[in-house]
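To start, the structure itself, in structure tokens.
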Amino acid sequence: MTNQSFAGKRSFRTILTIVIALVLLVTMFAGTAFAKSSDEYTVNIVDGSRSVAVTTTETEPIEILKSAGIMVAAGDKLDITDFKESEGGSIVVNRLNTFYIEFDGNITAYQVYSHTVGDAFAQLGIGINNSDQINYSLNTEIADGMVIKVATAQYVTLKVDGKETKYTLTSGTVADLLETAGVVLDKDDYTEPALDAKLEKDLVVKVKRVEYKTVEKTEEVEYSTVETKDESLKDGETKVIKEGKNGEANVTYQVKYVNGKKKDSTEVSRIVTKEATQKEVLVGTKKTEKKKSEKKDDDSSSDVKPNGVKSKNGYKLGQVIKGRYSHYCACATCNGNSRGITSSGKRIQNGMDDPYYVACNWLPLGTVISVDGTNYTVVDRGGSGLSRKGRIDIFTPGGHSECYKRGVGSCTIEIVRLGW
Numbered sequence: 365m366t367n368q369s370f371a372g373k374r375s376f377r378t379i380l381t382i383v384i385a386l387v388l389l390v391t392m393f394a395g396t397a398f399a400k401s402s403d404e405y406t407v408n409i410v411d412g413s414r415s416v417a418v419t420t421t422e423t424e425p426i427e428i429l430k431s432a433g434i435m436v437a438a439g440d441k442l443d444i445t446d447f448k449e450s451e452g453g454s455i456v457v458n459r460l461n462t463f464y465i466e467f468d469g470n471i472t473a474y475q476v477y478s479h480t481v482g483d484a485f486a487q488l489g490i491g492i493n494n495s496d497q498i499n500y501s502l503n504t505e506i507a508d509g510m511v512i513k514v515a516t517a518q519y520v521t522l523k524v525d526g527k528e529t530k531y532t533l534t535s536g537t538v539a540d541l542l543e544t545a546g547v548v549l550d551k552d553d554y555t556e557p558a559l560d561a562k563l564e565k566d567l568v569v570k571v572k573r574v575e576y577k578t579v580e581k582t583e584e585v586e587y588s589t590v591e592t593k594d595e596s597l598k599d600g601e602t603k604v605i606k607e608g609k610n611g612e613a614n615v616t617y618q619v620k621y622v623n624g625k626k627k628d629s630t631e632v633s634r635i636v637t638k639e640a641t642q643k644e645v646l647v648g649t650k651k652t653e654k655k656k657s658e659k660k661d662d663d664s665s666s667d668v669k670p671n672g673v674k675s676k677n678g679y680k681l682g683q684v685i686k687g688r689y690s691h692y693c694a695c696a697t698c699n700g701n702s703r704g705i706t707s708s709g710k711r712i713q714n715g716m717d718d719p720y721y722v723a724c725n726w727l728p729l730g731t732v733i734s735v736d737g738t739n740y741t742v743v744d745r746g747g748s749g750l751s752r753k754g755r756i757d758i759f760t761p762g763g764h765s766e767c768y769k770r771g772v773g774s775c776t777i778e779i780v781r782l783g784w
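For the numbering used here, add 364 to where a residue sits in the sequence shown, where the first one is 1.
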């Protein structure tokens, strides 16, 4: 009995000891937890469009970000203006983003700390008009490597059907402009510049309306002239044996009008209703010889009086020169205001007997030269072309037509006499 009482008391003490120990242990843990809880505070982290609230005991902003799983790259910035250590507030992460802006095909890289496209453009001082096109809205969040394409508005002018209208387009061709304006081209219409031309600033596009009309006219048919050589007439003389008369023809034209104005016309058909009558002319070919007295007077015959001069101005008597000849007459076209008076004072006129005169600038006046066997006297000067050695202009009293017939050519010149 006595032993049982002792054992019960001992068991009670053991239980009491355990209970007291547990109470002390709980009190200690509770105190620790309370102390820890009193050191924590809440920080709001803003990273672009993402916002995270973090409860922490950390005091350094970078450690607070790490505890929230947010990493900061080189170049990024932290805005801790509203953050207070151990009290809370907010930490803003400003990311350094490299993005690209493509303006009308030209790409440029930029680095900004802005959060949206609009903020980035504002930071860079880039203005966007309402008429410009952009592939992102201004509220879109900036991302590293983003390519923003901007198509600036092109102000162009369209002139069509007498009206002038201005349009604003960001891209396209002249064809796109016409589609926007609702302008339809007929099959012959065209534009300046062409439909495939690209639109550019201040471009003026003109629509050309083309219309074709058929026009009929009665026109004269000019007569032709037939020339027949006649040895009974003097060289250069002509005689009309039959006058010519014009005929008539009905001619049809296709006339092109551009914007109401005549541009050109094309002959479509021609029907002769009255034939023209040819003009018939006899052209003399008979050569006339000079009288002895005339030949003697102007020193142009084979009977040339010597003057004793052996050389002059670098040229020698008997010298042979390869030359080139042309022909002239006494008309105003050939002689200007000379009134038929040569540089030596000799008179010339069309229709006179051939005096066998030449003009040149490289030999003394009065010089007699043999041109392919025929003697001529230098009595006149001419243009700069006649200053070249061997160049001569032969007087032809038969007139302009005879000059054309005789033409130009090469010749052999021999100096028969130097000067008068």
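Yeah, the Cβ is synthetic: ideal placement off N, Cα and C, and Gly gets one too.
Item	Value
Would you mind stating whether Val579 and Tyr621 have Cβ atoms separated by less than 8 Å?	no
Compute the Euclidean distance between the alpha carbons of Lys400 and Asp443, then round it to the nearest angstrom.	Note on Lys400: pLDDT 49, under 50, position unreliable in the model; no value is reported.
Taking the alpha-carbon positions, what's the Thr532 to Leu541 distance?	9 Å
With C-beta atoms as the reference, is Thr706 less than 8 Å away from Tyr720?	no
Determine the burial state of Leu782: buried for a count of at least 16 other Cβ atoms within 10 Å of its Cβ, exposed for fewer.	buried
Inspect the beta-carbon positions of Thr544 and Leu563 and report whether they are closer than 8 Å.	no
What is the rounded straight-line gap between the Cα of Asp599 and the Cα of Arg770?	12 Å
What three-state label does DSSP hand Glu766 in the structure shown?	helix
Using three-state DSSP, classify Leu522 as helix, strand or coil.	strand
So, is Val604 buried or exposed, given that buried needs 16 or more other C-beta atoms within 10 angstroms?	exposed
Please report the distance separating the alpha-carbon of Tyr587 from that of Cys767.	25 Å
What would DSSP say about Lys430, mapped onto helix, strand or coil?	helix
For a minimum of 3 consecutive residues, which ranges assigned as the beta strand (DSSP E) are wholly contained in the stretch 480–547?	511–515, 518–524 and 527–533
Over the uninterrupted beta strand (DSSP E) stretch that includes Thr738, give me the two end residues.	Thr738 to Asp744
I need the boundaries of the beta strand (DSSP E) containing Cys724, first residue and last residue.	Looking at the DSSP string, Cys724 is not in any beta strand (DSSP E), and its letter there is neither H nor E.
Identify the residues that DSSP records as bridge partners of Thr641: which are they?	Lys609
Note down, in chain order, each residue of its chain lying with its Cβ closer than 6 Å to the Cβ of Lys660, except the 5 sequence neighbours on either side.	Interpretation of Lys660 is limited by its pLDDT of 41, a score under 50 that renders its predicted location unreliable; no figure is taken from the coordinates.
Counting C-beta neighbours from all protein chains within 10 Å, is the total for Pro761 16 or more, i.e. buried, or is it exposed?	buried
Taking the straight line between their C-alpha atoms, what separation do you get for Val568 and Glu466?	26 Å
Checking the sheet assignment: what are the DSSP bridge partners for Arg711?	Ile705
For a test of the three-state rule: what should DSSP assign to Ser665, helix, strand or coil?	Residue placement at Ser665 cannot be trusted, given a pLDDT of 45 that sits under 50; what the coordinates show is reported in the next sentence. Here Ser665 sits in coil by DSSP.
Classify Ile635 as buried or exposed, calling it buried when 16 or more other Cβ atoms lie within 10 Å of its own Cβ.	exposed
Could you work out which residue in Ala486, Asp468 and Gly469 is closest to Gln475 when comparing CA atoms only?	Ala486
Assuming Glu639 and Gly611 are in contact, meaning their beta carbons sit under 8 Å apart, how far apart are those beta carbons, in whole angstroms?	5 Å
Skipping 5 residues on each side, what residues in its chain have a beta carbon closer than 8 Å to that of His764?	Cys693, Cys695, Thr697 and Cys698
Taking DSSP as the reference, what is the three-state secondary structure of Asn458?	strand
DSSP beta-bridge partners for Thr472?	Ile465
Where DSSP assigns a beta bridge to Gln618, which residues make up the other side?	Thr578 and Thr630
Who are the Cβ neighbours of Val585 in its own chain at under 7 Å, not counting the five residues just before and after it?	Asn610, Gly611, Glu612, Ala613, Val636 and Ala640
Can you say whether Ala484 is buried or exposed, counting buried as having 16 or more other CB atoms within 10 angstroms of its CB?	buried
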